[in-house]
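*Asks:* Here it is, the structure in full.
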Amino acid sequence: MAGGAIVSTGAPKDYPGKLTLFVFFTSVVAATGGLIFGYDIGISGGVTTMDPFLLKFFPAVYRKSKEDHGTNQYCSFDSQELQMFTSSLYLAALIASFFASAVTRMFGRKWSMFGGGITFLVGATLNGFAKDILMLILGRILLGIGVGFANQSVPVYLSEMAPARLRGMLNIGFQLMITIGILTANLINYGTSKIKGGWGWRVSLGLAAVPAGIITLGSLFLPDTPNSLIERGHADKAMRMLRRIRGTDDIHAEYNDLVAASEEAKLVKHPWRNIVARKYRPQLTMAILIPFFQQLTGINVIMFYAPVLFKTIGFGGNAALMSAVITGLVNVFATVVSILTVDKLGRRKLFLQGGSQMLACQIIVGTLIAIKFGTSGEATLSKTYSAFVVLFICVYVAGFAWSWGPLGWLVPSEIFPLEIRSAGQSINVSVNMLFTFLIAQAFLTMLCHMKFGLFYFFGGWVLIMTTFVSLFLPETKNVPIEGMVLVWKAHWFWGKFIADEDIHVGRDIEMAKGISKAGSK
Ligand code: BGC
C-alpha cells in the first residue's frame, strides 16, 4: 500500500518519559542552527549602511547615496549589486537544502549540522577578510550553504528528539534562536559602526564565526536521533538512545512506532510523486502557501533593510541602526509570547490576531510616510513623527513574531503524514528561501518605484493570507500528528479531498470525536 497509512494502528498516544536535561541541552545546542540563520538576516542590513563598506565594495552606491542627499529618498539605495549581496545567500541556501536533505537522510542529522557549521565558518572567515567583491560574494554563498544545511537538519532534529507533547514548544525554540541571532547582529552592527578607521564591517561579518563555531563544535557532541539511527540500520543503538533521552526504560511503545514508521516510509518509493496525489492536496497546498505567505508579509524588508529603511525615511546612520536594535528586541520578546500561548490559544487565533495587527500597522506606516514624502520622496521628519513610524513598525514586528514567524515553521512541520513528511518539509524550506531571495532582491527597486505604496502592497498580501487562514487552515493545536488526517477530513473544504478509505481503522473513537470538534473550522 503506497502511502496514506498510519504507522501506529492504535490511537496516537503520548509516550512515557519526561523532558530530560540531556534532551534539553542537546536541543539548545542544535537550535543554535537558528542563531546562524538569524545572525545572517540581521548583519547585512547594518553593514550595507556603513560608509567604509559601501566605499570599498559598492562605490557607485556610495556616491549615489551622497549625491542624492536631500532629493528622492526612496531611490537613494537602489542598486542591483547591493541587492545581490544580500540575496545571494538565500539562493545558495535554497539549492543547498536539496543536497542537505539527502545528507540528513543518509548520514544522519548530526553530520548535516556539522557540514553546515563548517561551511558557514569558512564563509564568515572569507567575509571578514574580504579584499574584493568576489571574496565577499563567495563568502556569502558559503554562508548560504551553511544556512541551507542547518535549516534542513535542525528542525527535524528538534522534532525527533522532543517528547511528543513538547514538540511545538521546542520547534518555536528554533525561531527564538533566529530572533536572538538577528538581535545580536543588530547590536554588533551598532557597536562596530562606531569603530573609527573603517574596518568595523569586518568585525560584523567576521563575528559570524562565533555562532558557526558553536554549532560546528556542538554538533560533534550531539547524539543522532533514534529515528535516524533506525533509518540507518542501528536498531540497538537507537533503543539505548531512546532510553537515555526519555529518561525511562519504558520506551517500547515509542520504539515500536519508530520502527513501524521507518518500515512504512520505506514502502513509499517516490515521496515526490506521492505528494501530488489528491488525498495530499491540503498538505501540499499548505507546504507551498505557508512559506510563501510568510515572506509576503514583508517582514524581511524590515529585517534586512531596517537600517536602510530608517535612513531613507530621514534618520541618521546611527539612529537608523538604533531603531533596528529596537525592532530586534521586540522580535525576541514577542516570540516568547508565542511560545507561551501557542498550545493554549491555538494556531488560528495567533494567525488571525497577528495578521490583523500587521495589516493595521502597514496601512498606518504607509500613510504616515505618504503624508510626509508623497511621491517625490523629499522630506525630513520631526523626532515625534519618526518616533511614531518606529512605534508602528515595532507593533507590526510584534504581530509577525507571534504569528507568521514561528507558525510559518511550526505548522508545515506538523501537518504531514509520515510518508510525505520529508518531501513536504523540503518544499517548505525551499519555497521559504526562494521568496526570501526574491524579496531581498527586489526590495530596494520596489521601494524606489512603489514608494510608500510598498507598505500597502504587503498589507494587501496580509489581508489575503489572513482571509485564507480564516477559511482554509484548520486548528491543529493539541492534535497528535498521527491523527492529523481527521482534521483535514472534518474541514468544510478539504474534507472532500480525503476519501473514507484514506482514513485508517483502529483509531480511538474518542480521539476522533475530539479532533472533529477542534478541527471542524
Ligand atoms: C523567517 C525569516 C525572518 C525571521 C524574522 C523567520 O521565521 O523565516 O525570513 O527574517 O523569521 O524573525
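Note that the sequence shown covers residues 650 to 1170 in our numbering.
From the three backbone atoms N, C-alpha and C, an ideal C-beta is built for every residue, glycine too.
None of the values given here were measured: they were computed from a predicted structure.
1. Would you kindly check if the distance between the Cβ of ARG996 and the Cβ of LEU933 is under 8 Å?
2. Can you give the Cα-Cα distance for LEU731 and GLY947, rounded to whole angstroms?
3. Three-state secondary structure (DSSP) at ALA909?
4. State buried or exposed for GLY1155, treating a residue as buried only when at least 16 other CB atoms are found within 10 Å of its CB.
5. Give me, in chain order, the residues of the same chain whose beta-carbon lies closer than 6 Å to that of ALA608; leave out the 5 immediate sequence neighbours on both sides.
6. Do three or more CB pairs link the stretch 1057-1066 to the stretch 730-749 at distances below 8 Å?
7. Which term fits THR658, buried or exposed, when burial requires 16 or more other beta carbons within 10 angstroms of its beta carbon?
8. With respect to 7 Å, is the separation between the Cβ of GLY1054 and the closest non-hydrogen atom of the ligand BGC below this value?
9. Return the CA-CA distance between ASN1178 and LYS845, expressed in angstroms with no decimal places.
10. Say whether the stretch 764-771 touches the stretch 852-867, bearing in mind that this needs 3 or more beta-carbon pairs closer than 8 Å, one atom from each stretch.
11. For the stretch 706-777, which segments carrying the alpha helix (DSSP H) assignment without a break, of at least 4 residues, lie completely within its bounds, in sequence order?
12. My output table needs one value for LEU668: the three-state DSSP class, helix, strand or coil.
13. Give the DSSP-derived three-state secondary structure of GLU880 in the structure shown.
14. What is the DSSP secondary structure of MET888, reduced to helix, strand or coil?
15. Taking the alpha-carbon of VAL981 as reference, which of LEU856, LEU684 and PHE673 has the nearest alpha-carbon?
16. What first and last residue would you give for the alpha helix (DSSP H) that runs through LEU854?
17. Would ALA936 pass as a contact of ILE1076 if the rule is Cβ separation under 8 Å?
18. Regarding ILE794 and the ligand BGC, is the C-beta to nearest heavy atom distance less than 7 Å?
19. Spatial neighbours of GLY1004 within its chain, please: CB distance less than 6 Å, with the 5 preceding and 5 following residues excluded, ordered by chain position.
20. Since GLY788 and ALA779 should fall inside the 8 Å C-beta cutoff, what is the C-beta to C-beta distance between them, to a whole number of angstroms?
21. Between the Cα of ASN967 and the Cα atoms of PHE1104, LEU670, VAL696 and TYR839, which residue gives the shortest distance?
22. Give me the Cα-Cα distance between ARG758 and VAL678, rounded to the nearest whole angstrom.
23. With burial defined as no fewer than 16 other Cβ atoms inside 10 Å of the residue's Cβ, what is the status of LEU703: buried or exposed?
24. Touching or not, the stretch 1042-1054 and the stretch 789-797, by the rule of three or more beta carbon pairs under 8 Å?
25. Using CA atoms only, rank isn't needed, just tell me which of LEU1135, ARG927 and THR698 is closest to GLY847.
26. Can you give the beta carbon distance from SER1071 to LEU970, rounded, assuming they're within the 8 Å contact cut?
27. Which value, in whole angstroms, describes the spacing of the CA atoms of PHE1084 and PHE1106?
28. Express the C-alpha separation of GLY1144 and LYS928 in angstroms, rounding to a whole number.
29. Could you check if TRP1137 is buried or exposed, using at least 16 other CB atoms within 10 Å of its CB as the buried criterion?
30. For GLU638, count the other beta carbons within 10 Å of its own beta carbon; 16 or more makes it buried, fewer makes it exposed. Which is it?
31. Mind checking whether the beta-carbon of ASN838 lies closer than 7 Å to any heavy atom of the ligand BGC?
32. At a cut-off of 7 Å, would you count GLN824 as near the ligand ATP, judging by its Cβ distance to the nearest heavy atom?
*Replies:* With the structure as the only source:
1. In this structure, ARG996 does not lie closer than 8 Å to LEU933 by Cβ.
2. Computed Cα separation, rounded: 19 Å.
3. ALA909 falls in the helix class under three-state DSSP.
4. Confidence is the limiting factor: at GLY1155 the pLDDT is only 37, short of 50, which leaves the residue's position unreliable, though a coordinate-based value still follows. Residue burial annotation: GLY1155 is exposed, with fewer than 16 other C-beta atoms found within 10 angstroms of its C-beta.
5. This structure cannot speak to residue 608, because the chain is shown only from 650 to 1170.
6. Contact between the stretch 1057-1066 and the stretch 730-749 is absent, because fewer than three Cβ pairs lie under 8 Å.
7. Because THR658 sits at a pLDDT of 36, beneath the cut-off of 50, its placement in the model cannot be relied upon, and the point is left open.
8. At a cut-off of 7 Å, the beta-carbon of GLY1054 counts as near the ligand BGC: some heavy atom of the ligand is closer than that.
9. Within the shown structure, residues of the chain are numbered from 650 to 1170, placing residue 1178 beyond reach of any answer.
10. Yes, the stretch 764-771 touches the stretch 852-867.
11. Within the stretch 706-777, complete alpha helix (DSSP H) segments of at least 4 residues are found at 708-716, 729-756 and 758-777, given in chain order.
12. The answer is coil: DSSP assigns LEU668 none of H, G, I, E or B.
13. Three-state DSSP puts GLU880 in a helix.
14. Look at MET888 here: in three-state DSSP terms it is helix.
15. Per the Cα distances, LEU684.
16. Where LEU854 is concerned, the enclosing alpha helix (DSSP H) stretches over 849-855.
17. Their beta carbons are under 8 Å apart, which means ALA936 touches ILE1076 by this criterion.
18. Result no, Cβ not under 7 Å from the ligand BGC.
19. Hits under 6 Å: VAL1111 and THR1115.
20. Yes, GLY788 and ALA779 are in contact; Cβ-Cβ is about 6 Å, under 8 Å.
21. Closest by alpha carbon: TYR839.
22. Between the alpha carbons of ARG758 and VAL678 lies a gap of roughly 13 Å.
23. Around the Cβ of LEU703, a 10 Å sphere holds 16 or more other Cβ atoms; the residue is buried.
24. In the pairwise beta carbon analysis, the stretch 1042-1054 is classified as not touching the stretch 789-797: fewer than three pairs are separated by under 8 Å.
25. Among LEU1135, ARG927 and THR698, the Cα nearest to that of GLY847 belongs to THR698.
26. 40 Å between Cβ atoms; not a contact.
27. Rounded to whole angstroms, the separation of the alpha carbons of PHE1106 and PHE1084 is 15 Å.
28. C-alpha separation (whole angstroms): 9 Å.
29. With 16 or more other Cβ atoms within 10 Å, it is buried.
30. No answer is possible for residue 638: the residues shown for the chain start at 650 and end at 1170.
31. No.
32. Looking for the ligand ATP in the displayed structure turns up nothing; the ligands present are the ligand BGC.
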